[in-house]
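A.B. asks: Residue numbers (the numbering used here): 244 to 405.
Here it is, written out as structure tokens:
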């Protein structure tokens, strides 16, 4: 039977979809950001090609700004936004995603305990302040460093020995 309340979402995996997220939002219940493909298509870097894989940087400023654009569009239309892909399960990046307004993380079962442990300790306003500062950085490494610092501060157990 047809369920008129069934949520229908949209994968955002290419920069063009993030750029026009405000126009797409009225037609969906939610957005799901596919960070592996979004990063690949934003940076024109195939993460599976060993010659250029080192250039694949999920925390690149362009990728982070596209995530923010999508989250802002979702919020402006009363929609939620999730993130899937390897980035969603990376404890060093989770504070950044939360700070950018991401509502849901889709991670592999093995990563759920660490992700929950970290998210429960984060304060959204602190994550948002860090994310805004990180977006002013010009390099992926700087952005990752800021997010990782917050993650280490609230959940040092996840980074012991790292």
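Beta carbons: idealized from backbone N, C-alpha and C, even for Gly.
Express the C-alpha separation of residue 257 and residue 325 in angstroms, rounding to a whole number.
C.D. replies: Distance between the alpha carbons of residue 325 and residue 257: 15 angstroms.
A.B. asks: Flag this pair as yes or no: are the beta carbons of residue 338 and residue 287 separated by less than 7 angstroms?
C.D. replies: In this structure, residue 287 does not lie closer than 7 angstroms to residue 338 by Cβ.
A.B. asks: Have a look at residue 293 and residue 330 and give me their C-alpha separation to the nearest angstrom.
C.D. replies: Rounded to whole angstroms, residue 293 to residue 330 spans 19 angstroms at the Cα level.
A.B. asks: What residue ranges within the region 315-394 form continuous beta strand (DSSP E) runs of no fewer than 3 residues, ordered along the chain?
C.D. replies: Counting only runs of 3 or more, we get 323-327 and 347-349.
A.B. asks: Just mark residue 270 as buried or exposed, buried being the case when its beta carbon has 16 or more other beta carbons within 10 Å.
C.D. replies: Exposed: under 16 other Cβ atoms inside 10 Å.
A.B. asks: So, helix, strand or coil for residue 255, using DSSP?
C.D. replies: In this structure, residue 255 counts as strand in the three-state DSSP scheme.
A.B. asks: DSSP state of residue 402, grouped into three classes?
C.D. replies: Of the three classes helix, strand and coil, the one that applies to residue 402 here is helix, per DSSP.
A.B. asks: In angstroms, rounded to a whole number, what distance separates the CA positions of residue 252 and residue 386?
C.D. replies: The straight-line gap from Cα to Cα measures roughly 28 angstroms.
A.B. asks: How big is the Cα-Cα spacing for residue 261 and residue 278?
C.D. replies: Rounded to the nearest angstrom, the two C-alpha atoms are 12 angstroms apart.
A.B. asks: Along the chain, where does the beta strand (DSSP E) that runs through residue 276 open and close?
C.D. replies: First-last of the beta strand (DSSP E) with residue 276: 273-277.
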